[in-house]
Each structure stands twice: as C-alpha cells, then as structure tokens.
Amino acid sequence: MKKNQYENPTIIAFNDLKGFLQAYKSQKGRPPTKWDQVQVSHAAYSAFLGSPSSDYNAYLSGLKQWAGDKQGKLQILDKQGAHFEIKESLAIKEGDLNPIELYAYYLGLYINNQHHGVFLHYLLSFPVTYDSAVRHMILESFKRGLAKSLPNTLHSQKVVEQLKVEEGASEPAAYAIIALENYNFDPSENERVYYGVFDFGGGTTDFDFGLLEGTPESSRYDYVLEHFGGAGDRFLGGEHLLELASFAIFKRNQVLLLSRQIPFKKPAEGQGTLGIETLLNDSQEAHTNTKTLMEKLRPLWEGREFEDEGVLFLNLFDSSGQNIAGVDLDFSTQEVQNLFKERIKGGWIYSLASFGAPRMRILSAYKRQGTLTLSIFSWQAMQANRALCKNSLRQRLIKSPKTPKPATKSIRP
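Residue numbers 0 to 412, in numbering that gives the first Met the number 0, belong to the letters of the sequence shown in order.
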C-alpha cells in the first residue's frame, strides 16, 4: 500500500463472474472463490485504467451513487462475455447479484484472517442524504457479505449468528468524533463543545452540527455527542467535479469531437449545448472517454504536478469503438480551477443555509451560558491532517491553514 492510496476505490472488476458466483454459492462460509475471477479496489482500478472501451461493462464503480439512486438497473458484461443484470438497489433480495454484498465479502476476507482474528460486530456510517430504506439495504448487504467471508466452521457452529452490522453515526458525525479527539477536545463534566462539519467526499458533501459534552466520573461513557441536524449536497464531491470539468472541456472542443464522432457522458449537473446531443450517451465509448479525461485532470484537482497547459493529448474512442490516438483537446487550467471554486462556493452557501435549524438550538444554549464557541471542522482540517483525510481538496485551489487547527466562530444572538 502506497501513501497516496489512503482512499479505497469502490470499483469492482468482473473477469469471470459466472465462475465466481458458482464458487460463491457453493458453501455458506469462506467459499473457494478466486481473486482473478472478481477483483475490487486498487487492483480493479488499475486494471480499468488500462482496459479497452469494449471492457467498460466489466467494471462497476460508484457503488454509493448506485445505492442512493434507487432507480438504476446495471448491466454487467464480464470479460468472458457473460451478461448479468443488477436490479435497482431497493429491489435487491437475498440471493440476487449484489455488488455491495460482494464488496463487503472482500472487505471481510481482508479483515478476518489468522493475523487479525475474527470480528463479529461492525458499525457503518452513512451519508446524510441516504434515507432509511437505503441504509437498511446496505446494512443487510454488508451483513451477508461479511458472513460469507467468515470460515465455514463458524457457520456450522452457529457462531455467525452473533454477527452484528449496525448503523453508527453519520459520516460527518463520525469524522467529528475523530477530529475532536485528535484536536485534544476533552470536555470536563457539564462542559460543552459545539461543532460543525463540512464533509467533502468523492461523491457527496455532508454538513453536520452538534454538541460534545463531558460526563461525570461515575458515567460509563467518556462523553456524550448530541446531533443537532445536518444536510447534504448529492453532487458536490471530487468525482462529480472531475466529471463537470471533463464535460466543460468536451463542450469547448465540440467541433473537433463532432467531426470525429467521439462521444462522452453528460454529468448529473451538466448543461448541454445545441449541436452535441448526438455525442451525449451512455455507451461504453462515452463512459471510457469521460473517465480517461477525468484521470488526466486528477493531478490538477489533487494539487500534484500538472505540466499540461493549453492542450491535452488523449487516446479516445469514436462511436464505432475505434481507438483514436493522440486527440488534441484545447483547455484552460484557469477555467477548470474556476469551475472547481465556483461549485465549491455554491456548496458552502448551501451549508450555511442548512445551518438554520441547528443555529436555533445553539443560540438557545448561548442564552443559557452567556458565551460559547462553535468549532468548524472542514476539508481544511482534513487536508492539514492526512490521517483524517477522506478525499482531497488541495491547497493550491483554496488555501488551508498552516497549522491543523479547526476554525472557530463566536456565536452571538
């Protein structure tokens, strides 16, 4: 594992799904599946980057987006040519092909082994925007996948019946707990720390507000965390921003792309222009072209060295699946960075609007105490402390503090 692999890519590569499922269903625990049949995470991601457009449907990414969408069916065509359909997330039942269950199965294999032991209690955190039905589906999927990863003897001995997969705090609240501890917030009895979190992820951004309160010595808990409220922006995340930037560059080069019939995918928030509708589709070539450009822009987004200026050189696919080498796309670094900034600015404005209901609770506390401070944990704190970082928003786009301390704001009536 490299330092830059602190993220866990939620992507699955289906090389031989038929063979994998036959093995997977052959026994209750630790079935004889093979790694080269279905791969996940970094191995799957690396394979995807070097794959031809014809293999696009052999890969599945964006598991969280699929779960939250609730309506989308997925078509899988593994590398052996076998076709499979994945139902809408809320229509998934036990025994159906379930990508979240398969991903949990691999996580369980990694966690439960002779070196780490066996774990039977798991807590999952969720984006604020997920409703109860989606959360329940994910919990059940994880439980089935984790149970499948446990040794078969634990099933025969009924030890697996002790397995628990439960909902914990929301993702921003879970981060708040870690952040408060790492920044040495240790409230004494009746002392209160008010917090806010701006949780910038790969697909979504969540906002959360609450209170950390110290407990008496006699309490069995070190502290109590009370959740005031939260909200989320479904399309403000690193991957969505890269899709938006890619779409803007495609539109900038629409004359060239139309002449060579190079398709691309329209992002959720993308605004089309007249004349390019024929290039906007969900074909394998469109998805692969969009992903190729996203990866080309990723160093710019993450603040790594980015030497391309004015022109991007890419290998893209036309509508017939023909690989066209060395396509020159005109682009502007400044325009892409401005797009990032403006969309993030909109997210900040939305987060402030979502602060309305929690603000009333905090102000009522102000009136009781006379004074208080709200500690804001955001992408700035995450970037300053990479151990806590989920996804990257780099300092070159918006400056973060030199010292990893949370921002504080005085609350006045």
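Every residue, glycine too, gets a C-beta built ideally from N, C-alpha and C. If you're wondering where the values come from, they're calculated on a predicted model, not measured in any experiment.
Practice task
Consult DSSP for Gly413 and reduce its assignment to one of helix, strand or coil.
Solution key: Here the chain comprises residues numbered 0 to 412, so residue 413 is not present and cannot be evaluated.
Exercise for the section: Express the C-alpha separation of Ser148 and Leu179 in angstroms, rounding to a whole number. Expected result: 34 Å
Exercise for the section: Report, in whole angstroms, the separation of the C-beta atoms of Ala172 and His135, which I expect to be a contact under 8 Å. Expected result: No, Ala172 and His135 are not in contact; Cβ-Cβ is about 19 Å, not under 8 Å.
Exercise for the section: Please classify Asp54: does DSSP put it in a helix, a strand, or coil? Expected result: helix
Handout entry: Buried/exposed call for Glu306, threshold 16 Cβ in 10 Å
Key = exposed
Exercise for the section: Could you tell me which residues DSSP puts in a beta bridge with Ile85? Expected result: Leu73
Problem - contact_flag[the segment 161 to 176, the segment 37 to 56] where n(CB pairs < 8 Å) is 3 or more - result: no
Problem - Nearest residue (CA-CA) to Leu433, options Ala247, His82, Ala267, Ile10 - result: Residue 433 lies beyond the residue range present for the chain, which begins at 0 and ends at 412; the question has no answer from this structure.
Problem - Touch test, the segment 199 to 209 against the segment 91 to 109, Cβ-Cβ under 8 Å, three pairs minimum - result: no
Handout entry: Assumed close pair Leu256, Phe249 - CB separation to whole angstroms, cut-off 8 Å
Key = 6 Å
Problem - Range of the contiguous beta strand (DSSP E) that encloses Lys142 - result: Not the beta strand (DSSP E): Lys142 falls in the alpha helix (DSSP H), residues 131 to 148.
Exercise for the section: Output the distance between the C-alpha atoms of Ser319 and Ser53, rounded to the nearest integer angstrom. Expected result: 11 Å
Practice task
Find out if the Cβ-Cβ distance for the pair Leu224, Gly209 is shorter than 8 Å.
Solution key: yes
Exercise for the section: Just list the beta strand (DSSP E) runs in the segment 188 to 270, keeping only unbroken ones of 3 residues or longer that don't cross its boundaries, in chain order. Expected result: 191 to 199, 204 to 213, 222 to 232
Practice task
Would you check if the distance between the CB atom of Tyr220 and the CB atom of Glu212 is smaller than 8 Å?
Solution key: no
Problem - Alpha carbon of Asn337 to alpha carbon of Pro266, nearest angstrom - result: 18 Å
Handout entry: Nearest candidate by alpha-carbon position, reference Lys72, set Gly80, Ile91, Lys78, Ala57
Key = Ile91
Exercise for the section: Could you tell me which residues DSSP pairs with Ser60 in its beta bridges? Expected result: Ile10
Exercise for the section: Assign Pro215 to one of two classes, buried (16 or more other C-beta atoms within 10 Å of its C-beta) or exposed (fewer than that). Expected result: exposed
Handout entry: Closest residue to Leu123 among Lys340, Gly302, Leu106 (Cα-Cα distance)
Key = Leu106
Handout entry: DSSP-derived helix/strand/coil call for Gln38
Key = strand
Practice task
Using three-state DSSP, classify Asn384 as helix, strand or coil.
Solution key: Interpretation of Asn384 is limited by its pLDDT of 37, a score under 50 that renders its predicted location unreliable; the figure taken from the coordinates is listed afterwards. Residue state, collapsed to three classes: coil.
Practice task
Kindly give me the distance between the Cβ atoms of Asn14 and Val37, rounded to whole angstroms, as I take these residues to be in contact under 8 Å.
Solution key: 7 Å
Exercise for the section: Going by CA-CA distance only, name the one from Lys295, Val310, Gly309 that's closest to Arg303. Expected result: Lys295
Practice task
Have a look at Arg191, Gly195, Leu235, Ala244 and flag the residue whose alpha-carbon is nearest the alpha-carbon of Gly228.
Solution key: Gly195
Handout entry: Alpha-carbon spacing of Pro298 relative to Thr152, whole angstroms
Key = 47 Å
Exercise for the section: Indicate whether Gln253 and Gly274 have their beta-carbon atoms separated by less than 8 Å. Expected result: yes
Exercise for the section: Using DSSP bridges, identify the partner residues of His120. Expected result: Lys163
Exercise for the section: Report yes if the C-beta distance between Pro126 and Gly61 is below 8 Å; otherwise report no. Expected result: no
Exercise for the section: Take Thr287 and list the residues in its own chain whose beta-carbon comes closer than 7 Å to its own, dropping the five residues that flank it on each side. Expected result: Ser52, Tyr55, Phe316
Practice task
Quick one: measure Cβ to Cβ for Leu292 and Glu268, integer angstroms, because I've assumed they're closer than 8 Å.
Solution key: Going by Cβ atoms, the distance from Leu292 to Glu268 rounds to 17 Å, so no, they are not a contact pair.
Practice task
Identify the continuous beta strand (DSSP E) that holds Gly80 and give its terminal residues.
Solution key: First-last for Gly80: undefined, no H or E at that position.
Exercise for the section: Kindly identify the DSSP beta-bridge partner or partners of Asp185. Expected result: DSSP output for Asp185 lists no bridge partner at all.
Practice task
Report yes if the C-beta distance between Gly144 and Tyr104 is below 8 Å; otherwise report no.
Solution key: yes
Handout entry: Spatial neighbours of Val117 in its chain, beta-carbon cut-off 8 Å, leaving aside the 5 residues before and after
Key = Asn111, Leu149, Pro150, Leu153
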